[in-house]
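To convert, note that position 28 of the sequence shown is 28 in this note's numbering; the numbers rise steadily by one, no gaps. Even glycine gets a Cβ: it sits at the ideal position worked out from N, Cα and C.
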Amino acid sequence: MKTIKIILGIITVLVVAFFATGIVVKDIKYTAEVEINKSIKTVFSMFTDAKKFIQWQPEIVAIRPITEKEQITGSTYELTIKNGEQKIKMQEVIKTYLANQTITFQFRSNNLLKTDTYTFQSKGGRTKIIQNSALINNSYIASCIFPYFKGALKEKSQESLERLKKIVEQTK
């Protein structure tokens, strides 16, 4: 009987900790970066090319413009993302666009709001891209789960930047 009480106590503590995570952790932030052996102009041009974007972000299967603005900032797109066997529609808004310097995307889907800011730095003929991401989930249960996947999200972003690096550096 004493063993059962100990096991139930441990389970109770784990359950309380899990649900407390959703109260304490409101957003997730992480950073990924890569250095590419090409000029900032070349890297930024390929980064903003929609055809190349789908190559280095393979989970995105389609990009459809909703509103395209001449100054680019404020342009809105519908993304179709393949997650396993299902396809998810997500809205993307370009919040900041400074050519060869920075671009900020805001993604919205159901209860999820993700902001990715990419900063481009020239380093003697090379280009460093720094991605700062923030994820806010308005669903309480998802808020309990997402913090445990922060490492996986960061790893996925790093892999995407590495794919971009490979594509850019293979281009002549």
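Query                                                                                                        : Result
Residue range of the unbroken alpha helix (DSSP H) whose run includes tyrosine 30                            : Note, tyrosine 30: premise wrong, no alpha helix (DSSP H); beta strand (DSSP E) at 27-36.
Threonine 76 beta carbon less than 9 Å from that of valine 93                                                : yes
Boundaries (first-last residue) of the alpha helix (DSSP H) holding phenylalanine 149                        : Counting along the chain, phenylalanine 149 falls outside any alpha helix (DSSP H), and DSSP gives it neither H nor E.
Top-ranked residue by Cα proximity to asparagine 100, from Lys87, Ser122, Ile88 and Arg108                   : Ser122
Cβ contact (3+ pairs, closer than 8 Å) linking the stretch 63-71 and the stretch 153-160                     : no
Boundaries of the beta strand (DSSP E) in which alanine 134 is found, first to last residue                  : 126-137
Status (buried if at least 16 other CB within 10 Å, exposed otherwise) for leucine 161                       : buried
Near the ligand PLP: proline 65 beta-carbon under 8 Å from a heavy atom                                      : For the structure depicted, the ligand PLP is absent and the ligand set is empty, with no information on it obtainable.
Per-residue DSSP class, three states only, for isoleucine 72                                                 : coil
Sequence-distant residues of its chain with Cβ nearer than 6 Å to isoleucine 103 (five each side left out)   : Tyr97 and Tyr118
Which listed residue (Ser109, Phe120, Gly124 and Thr127) has its alpha carbon closest to that of alanine 142 : Ser109
Beta carbon of valine 34 nearer than 9 Å to that of leucine 164                                              : yes
Integer Cβ distance of glutamine 131 from threonine 31, believed to fall under 8 Å                           : 7 Å
Among Asn137, Val24, Ala17 and Cys144, the one whose alpha carbon lies nearest that of lysine 114            : Asn137
Between the CA atoms of asparagine 83 and aspartate 27 - distance to the nearest angstrom                    : 22 Å
Cα-Cα separation between phenylalanine 19 and tyrosine 140, rounded to whole angstroms                       : 9 Å
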